[in-house]
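Read top to bottom, the protein sequences are chains A and B.
1 is the number of the first residue of the first sequence in this note's numbering; add one for each residue after it.
507 is the number of the first residue of the second sequence in this note's numbering; add one for each residue after it.
Glycine included, each C-beta is placed from N, C-alpha and C at the ideal position.
This report concerns only the one structure given below.
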Amino acid sequence: LKELVKSGDLGVDLATAFDASLNPYMLVTPELRYAGVNEAYLTALGTTREAVIGKPVFDVFDAGPGDQGRESVRLVKASMERVFETGEPDHIALVRFSVPVRDANGETTHQDRYWSASHTPLKNAAGQVLYVLQHTTDVTELELLCQRAASAHEPASALEAIVGGGMMERTRLVQENNRKLEVERTRLIDMFMQAPGFVAVLTGPNHVFELVNPAYAQLIGHRDVSGKPIRDALPELEGQGFYEFLDDVYATGEPFEGKESLVQLQHTPGGPLTSVYLNFIYQPIRDVDGQIAGIFVQGHEVTANVRAAQRQKLMIDELNHRVKNTLATVQSIAMQTARSHEDPRTFAESFQSRLMALSHTHDLLTRSHWEGADLTDILRHETEAHDPLRLVVNGPPVALGPAAALSLGMIFHELATNAAKYGALSNPDGRVFVDWSVANQADRRLAIEWRELDGPPVAPPTRRGFGSRLIERNVRHDLGGEAELTYAAEGLRAAITLPLDRGHDQ
Amino acid sequence: MTQALEGRTILVVEDESLVAMLLETILEDMGCATLGPVSTIDEALAVIADGSAFDGALLDVNVAGKEVFPVAAALKERGVPFVFSTGYGEGGLPEEWRGHPTIQKPFTEDAVQQALMRVLGVSD
Chain A
1 LKELVKSGDL GVDLATAFDA SLNPYMLVTP ELRYAGVNEA YLTALGTTRE
51 AVIGKPVFDV FDAGPGDQGR ESVRLVKASM ERVFETGEPD HIALVRFSVP
101 VRDANGETTH QDRYWSASHT PLKNAAGQVL YVLQHTTDVT ELELLCQRAA
151 SAHEPASALE AIVGGGMMER TRLVQENNRK LEVERTRLID MFMQAPGFVA
201 VLTGPNHVFE LVNPAYAQLI GHRDVSGKPI RDALPELEGQ GFYEFLDDVY
251 ATGEPFEGKE SLVQLQHTPG GPLTSVYLNF IYQPIRDVDG QIAGIFVQGH
301 EVTANVRAAQ RQKLMIDELN HRVKNTLATV QSIAMQTARS HEDPRTFAES
351 FQSRLMALSH THDLLTRSHW EGADLTDILR HETEAHDPLR LVVNGPPVAL
401 GPAAALSLGM IFHELATNAA KYGALSNPDG RVFVDWSVAN QADRRLAIEW
451 RELDGPPVAP PTRRGFGSRL IERNVRHDLG GEAELTYAAE GLRAAITLPL
501 DRGHDQ
Chain B
507 MTQALEGRTI LVVEDESLVA MLLETILEDM GCATLGPVST IDEALAVIAD
557 GSAFDGALLD VNVAGKEVFP VAAALKERGV PFVFSTGYGE GGLPEEWRGH
607 PTIQKPFTED AVQQALMRVL GVSD
């Protein structure tokens with residue numbers, strides 16, 4: 001031991017106390033060899049310092065014959081190894097170890113002794129375990145007393161014989177249970193650590209972080225929260241209700257469950273607040289007396305699900321709105337068409353062709369994911385039933401928003417239908433010229449001219465039909481533009497101008 | 507269809523011309539005159555501000571991408587009764603206007619008439 005003191009690994013005071021103690025002590029190296037023993041230890045074993053120092057502990061120290069001896073060795077050895085591995089003290093409540101005893105004739109026999117042992121790590125400044133200190137107490141008299149007390153009355157039954165066995169057996173069971181519990185505890189902690197959801201264990205009324213798993217650490221931006229009360233560790237939660245929920249759980253013992261709870265959290269220390277949605281539960285942890293000792297926090301982030309559900313609801317609402325508006329439009333077309341057709345057959349034909357016109361423009365818009373459509377495409381779509389040599393279109397590319405595309409689709413449909421029924425496309429020679437241009441680049445205006453030539457002579461209508469009303473109203477009302485229909489003798493002319501950059505075209 | 511509302515003037519706020527034309531036709535059949543139709547919030551507020559005389563209003567909730575509620579508030583202040591029309595269903599109205607008479611698109615002539623009679627306090 002003096003060598004150990006010289007090496008500076010042990011304090012002088014401790015070394016002196018060690019030698020003087022009436023309790024048996026010994027020091028063991030990581031290889032489980034004797035590094036030091038005190039006088040009391042040598043006396044108890046009836047051996048000398050020279051005989052043990054540097055020797056493997058379990059060569060010198062004979063636990064006695066048979067399975068019982070081997071099991072006792074295993075128990076002590078495992079306890080020492082645990083201390084070297086974990087750096088934490090370990091205790092064996094009761095172990096039977098035979099010791100050699102020399103009788104009056106100088107013969108050596110083994111005598112059963114019962115021991116209680118503590119193994120304590122001795123560490124260097126770096127925290128490395130250099131030696132394990134074994135402190136043993138001989139409890140043989142106590143154990144024998146217990147055994148005598150137990151055998152003083154005859155067991156009333158076989159069952160009592162089993163459950164009423166010696167203290168040794170009960171202690172062995174308790175130790176075995178402790179070992180199982182230790183394994184179980186390690187397994188549970190491993191499960192928490194590997195869980196895909198977040199887990200935290202909070203202790204005491206101030207909710208001090210005792211354990212967080214990697215998922216929890218990621219949620220809070222890997223801040224070091226260990227050992228801190230939640231109000232200090234996660235100050236941004238102030239005013240969001242979570243401290244109070246924890247206080248309630250701690251006070252009442254009632255668990256609290258949060259569903260799709262919105263939390264403003266810092267993903268980096270001092271960083272901006274980020275909104276996350278969490279499903280979680282706060283469950284009280286009770287100690288052996290049933291008192292609340294802490295709170296178990298467990299849950300998972302559901303931000304993506306919540307956002308998807310919100311988007312879906314928005315889309316369904318918007319879809320419903322559009323469908324209802326389209327139905328109202330169709331209803332209007334039906335009602336207005338009915339007013340100018342007394343014959344159900346011509347009504348059906350006219351109504352259908354208007355529906356098809358609307359549907360064609362929808363198709364065009366669907367192709368662009370409802371971002372808009374080009375003017376030439378709309379014209380071609382609505383007039384595809386007519387010979388392109390007789391319906392001549394000419395103008396630059398013009399991108400139109402969905403509302404303008406739908407309006408102009410209907411308008412071109414009305415003009416083309418009218419031309420085919422009464423105008424330039426109703427005889428073999430007539431032609432239609434559609435020209436357009438964009439003027440005024442700063443505040444762009446689209447000017448479209450529809451000119452019919454070489455058709456039958458044109459006379460102004462006696463009453464304004466749905467078609468011409470629709471054109472005028474649509475341009476003025478929906479597009480904020482102007483439409484002028486001129487019934488010139490050589491053919492119908494329609495002049496339409498509209499602004500292209502209206503803010504709310506949607 | 508009764509003529510209980512004959513002679514009344516109704517302001518129509520609706521951004522889709524075909525729907526506006528439908529409302530005009532329905533109002534005409536009920537013997538009502540149409541003021542407008544107007545297709546923007548600004549136009550509607552201008553009509554209210556210039557003191558035009560009218561007895562009631564039909565307000566599309568979503569007018570060219572904007573909510574019509576400023577117009578509703580202006581009408582309420584002037585004490586002019588009005589009906590909302592919407593494609594968003596019952597849930598489309600904010601707390602402030604929940605429960606206000608509303609017609610759902612597409613609407614029947616009867617629904618338009620009943621709603622207008624209710625806000626104008628007219629019975630058959």
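Within-7 angstroms CB hit, residue i to chain B
i	result
Arg-445 (chain A)	no
Leu-500 (chain A)	no
Thr-329 (chain A)	yes
Arg-463 (chain A)	no
Asp-374 (chain A)	no
Met-335 (chain A)	yes
Arg-473 (chain A)	yes
Pro-344 (chain A)	no
His-504 (chain A)	At His-504 (chain A) the pLDDT is 46, less than 50, meaning the model places this residue with poor confidence; the figure from the coordinates comes in the next sentence. Interface residue, yes.
His-413 (chain A)	no
Closer than 7 angstroms to chain A by CB, residue i
i	result
Gly-542 (chain B)	no
Gly-593 (chain B)	yes
Pro-612 (chain B)	yes
Met-527 (chain B)	yes
Phe-590 (chain B)	no
Start and end residues, beta strand (DSSP E) containing residue i
i	result
Ala-555 (chain B)	Note, Ala-555 (chain B): premise wrong, no beta strand (DSSP E); alpha helix (DSSP H) at 547-555.
His-135 (chain A)	129-138
Leu-517 (chain B)	515-519
Lys-582 (chain B)	Not the beta strand (DSSP E): Lys-582 (chain B) falls in the alpha helix (DSSP H), residues 575-584.
Glu-484 (chain A)	482-488
Leu-202 (chain A)	198-203
His-110 (chain A)	108-123
Ala-539 (chain B)	539-544
Val-288 (chain A)	Element bounds for Val-288 (chain A): n/a, residue is neither H nor E.
Those residues which DSSP pairs with residue i across a bridge
i	result
Asn-279 (chain A)	A:His-300
Ala-527 (chain A)	This structure gives no information on residue 527 (chain A), because the portion of chain A shown stretches from 1 to 506.
Asp-317 (chain A)	Asp-317 (chain A) is not bridged to any residue.
Gly-562 (chain B)	B:Ile-516
Ile-220 (chain A)	Beta-bridge pairing links Ile-220 (chain A) to no other residue.
Thr-592 (chain B)	B:Gln-610
Lys-572 (chain B)	B:Val-569
Euclidean distance between Cα positions of residue i and residue j
i	j	result
Gly-372 (chain A)	Val-306 (chain A)	30 angstroms
Gly-204 (chain A)	Asp-232 (chain A)	14 angstroms
Gly-165 (chain A)	Leu-94 (chain A)	Reliability of the predicted coordinates at Gly-165 (chain A) is poor, the pLDDT of 45 falling under 50, and the value obtained from them is presented with this limitation in mind. The straight-line gap from Cα to Cα measures roughly 15 angstroms.
Leu-564 (chain B)	Glu-349 (chain A)	32 angstroms
Tyr-41 (chain A)	Asn-177 (chain A)	30 angstroms
Trp-115 (chain A)	Val-302 (chain A)	56 angstroms
Glu-342 (chain A)	Asp-429 (chain A)	31 angstroms
Tyr-282 (chain A)	Gln-264 (chain A)	18 angstroms
Thr-329 (chain A)	Leu-524 (chain B)	6 angstroms
Ala-403 (chain A)	Asp-478 (chain A)	8 angstroms
Ser-157 (chain A)	Ser-79 (chain A)	With a pLDDT of only 39 at Ser-157 (chain A), under 50, the local geometry of the prediction cannot be trusted, and no value is derived from it.
Glu-71 (chain A)	Val-57 (chain A)	15 angstroms
Val-174 (chain A)	Leu-262 (chain A)	47 angstroms
Pro-612 (chain B)	Arg-223 (chain A)	57 angstroms
Phe-590 (chain B)	Gly-562 (chain B)	11 angstroms
Phe-433 (chain A)	Asn-568 (chain B)	37 angstroms
Gly-557 (chain B)	Glu-549 (chain B)	13 angstroms
Leu-622 (chain B)	Glu-522 (chain B)	20 angstroms
Limits of the unbroken alpha helix (DSSP H) element including residue i
i	result
Glu-39 (chain A)	39-45
Gln-240 (chain A)	Where Gln-240 (chain A) is concerned, there is no enclosing alpha helix (DSSP H), given that its DSSP letter is neither H nor E.
Leu-489 (chain B)	Since the displayed chain B opens at 507 and closes at 630, residue 489 (chain B) lies outside it and no answer follows.
Arg-502 (chain A)	Arg-502 (chain A) -> no alpha helix (DSSP H), and no H or E assigned at all.
Gln-509 (chain B)	Element bounds for Gln-509 (chain B): n/a, residue is neither H nor E.
Asn-474 (chain A)	Per DSSP, Asn-474 (chain A) belongs to no alpha helix (DSSP H) and is neither H nor E.
Asp-377 (chain A)	375-382
Glu-615 (chain B)	615-626
Leu-364 (chain A)	344-367
Val-398 (chain A)	Here Val-398 (chain A) belongs to no alpha helix (DSSP H), and DSSP marks it neither H nor E.
Ala-419 (chain A)	402-421
Lys-77 (chain A)	66-86
Nearest residue (CA-CA) to residue i, options the options
i	options	result
Ala-200 (chain A)	A:Pro-214, A:Arg-187 and A:Phe-58	A:Pro-214
Arg-604 (chain B)	B:Phe-575, B:Phe-613, B:Leu-622 and B:Ala-617	B:Phe-575
Asp-363 (chain A)	A:Phe-351, A:Gln-352 and A:Asp-377	A:Asp-377
His-413 (chain A)	A:Phe-296, A:Phe-351, A:Pro-196 and A:Ala-459	A:Phe-351
Ala-420 (chain A)	A:Ala-385, A:Thr-274 and A:Ile-292	A:Ala-385
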